[in-house]
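Residue numbers 49 to 392, in this note's numbering, belong to the letters of the sequence shown in order. Note that CB positions come from ideal geometry on N, CA and C, so glycine has one too. Reading through the structure tokens given below for one structure.
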Amino acid sequence: MTMNSSCKKKIASFASLLSKIEVAKLHCSAYPKRYLHHLLTHKYYYLAIYAHVLDNILEKAGKPADTLNLLDFGSGNGLLGLFAKHCGFNKVFLCDANANFVKASAIVAKQLDIKIDAFITGELAEVNNELPSTTVDIIAGTDVIEHIYDLNQFFAGMKKMNPQMITVFTTASNPDNYFKVQQLKKLQVKDELIGGDPEDFALAGEEKHAAYLDIRKAIIQKSFPEISLPELENLAIKTRGLHKADIITSVHYYLTNHSFPSKVVTGTNTCHPETGSWSERILPITDYQQLYKKYQFELEIKNGFYNSFDGGIKSRFNHFRNLLIKILGKKTAPFITLIGFTHK
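Dropping the structure here:
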């Protein structure tokens, strides 16, 4: 890829478009508004991340952008996909499990006068239903892979969709950054034992939720009212990291066979029992390497960078931190980029 084709060249013009968005006037729910406000406040940083994602795609594809169809998976407000369309990608599809975000992304696309080829609510299965005869060349996503409940199912779906698929995912759940890991573990423990509140921080979530441990207790108690309180406590602990359907299946197996079928989740990783969305799941790099290899993808990992775009003392400090990344690598990177591809 030559510098002339770099999506970095398109950042200024897209930022100018984004400056026209009036978040307060958007007719969508509060959480997408709050999230979009955060992205726009730091737009040059996020656009640098999106350009980083798209440039890595173009490098691996070895083709012009206008020949490639891209799926922005876990698209949120859709800015990555919208920027891809602005950069000349052929067809762009936005997909998110949250219908409120899908609605918001359609509103933003209309405001920017950018044509998105499909807005899809759901998972890969819904993408296949919506696009039965369309070849998806690229799946990209920022801050999504650490939330996907079943990565094996997801990768199998991508492989079936297109065996030559190129995938690029950024994740802030960088297992090699000690300080980032400690920060994320605190969030996981809070979700598991205390619960969450949208007021906790800007991107905390859409609604309040009870402690995941308590939600699992309620699921088990409702489905198996005969279980004793000590057994209920034990099973609620052992089913950490399971979605509701898998919790019920596992407890039924336990009551029938007096053993537990599911692998115990390591560390502090936990997921929302009702949705299956993991709380910033932290996986070792070796787990990702094994996963990509299992589904016949090569994996390249690149280091992310800190926000040095907003100006002020913090930006100067982040510039210094970015220099450290060049020396220390993943140990100091705020996020990593997982690039999956096949040898043709």
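Which of helix, strand or coil DSSP assigns to residue i
i	result
M139	Per the sequence shown, residue 139 should be read as Lys rather than Met. If DSSP states are grouped into helix, strand and coil, K139 belongs with the strands.
G129	helix
H100	helix
F389	strand
N117	strand
F272	coil
D144	strand
T243	Looking at the sequence provided, one finds Gly at residue 243 rather than Thr. Reduced to three states, the DSSP call for G243 is strand.
I69	coil
V237	helix
V229	helix
I193	coil
F383	coil
H257	strand
V184	coil
Of the residues the options, the one placed nearest residue i, counting alpha carbons only
i	options	result
I268	H367, I285, K256	I285
T190	V71, S221, K163	S221
A147	F308, G243, C76, K362	C76
Y340	Y92, Q201, P180, D165	Q201
F365	K374, Y354, I375	Y354
G129	K108, F167, T390, K233	F167
A157	L347, L74, C55	L74
P80	G122, L376, E174, L199	G122
K68	T385, D161, A132, Y83	D161
E174	L66, L119, N282	L119
I387	A145, T215, A72	T215
E348	K378, C143, T183, S363	K378
P382	V140, Y226, D144	Y226
T314	K233, A72, F131	K233
K58	M213, H90, D103, H85	D103
V71	Y83, F62, D114, Y336	Y83
K228	H90, S53, G352, I361	G352
G324	H291, A266, S53	H291
L87	F357, I361, I296	F357
D185	E255, L199, K111	K111
T183	D165, D198, T169, V192	D165
A188	E281, F137, L372	F137
Q159	S363, I196, L127	L127
S54	S307, I105, S271	I105
V192	E178, C135, W326	W326
C135	A60, S181, N177, N370	A60
Local Cβ density within 10 Å of residue i, reported as buried at 16 or more and exposed below that
i	result
Y98	buried
Q338	exposed
A96	buried
S153	buried
E171	buried
V312	exposed
K133	buried
E194	buried
I330	buried
L66	buried
T115	exposed
D144	buried
A293	exposed
G359	exposed
I375	exposed
P223	buried
N125	buried
E328	buried
H391	exposed
T89	exposed
The ligand COA heavy atom lying under 7 angstroms from the CB of residue i
i	result
R329	Absence of the ligand COA from the depicted structure is noted, as is the absence of any ligand whatsoever, leaving it without description.
Neighbour flag for residue i against chain C, beta carbons, 8 angstroms
i	result
D114	The structure shown contains no chain C; it holds only a single protein chain.
Decide yes or no for the touch test of the region 256–276 against the region 310–329: beta carbon pairs closer than 8 angstroms, at least 3 of them. These segments touch.
Could you say if the region 237–250 and the region 202–216 meet the contact criterion of at least three C-beta pairs nearer than 8 angstroms? The answer is no - the region 202–216 does not touch the region 237–250, with fewer than three Cβ pairs under 8 angstroms.
So does the region 296–304 actually touch the region 264–278, counting three or more Cβ pairs closer than 8 angstroms? yes
To test your reading of the DSSP string, which unbroken beta strand (DSSP E) runs of 3 or more residues are found completely within the region 284–372? 346–351
Curious, which full-length beta strand (DSSP E) runs of at least 3 residues does the region 146–170 contain? Annotation note: the region 146–170 contains the following uninterrupted beta strand (DSSP E) runs of length 3 or greater, listed N- to C-terminal: 166–169.
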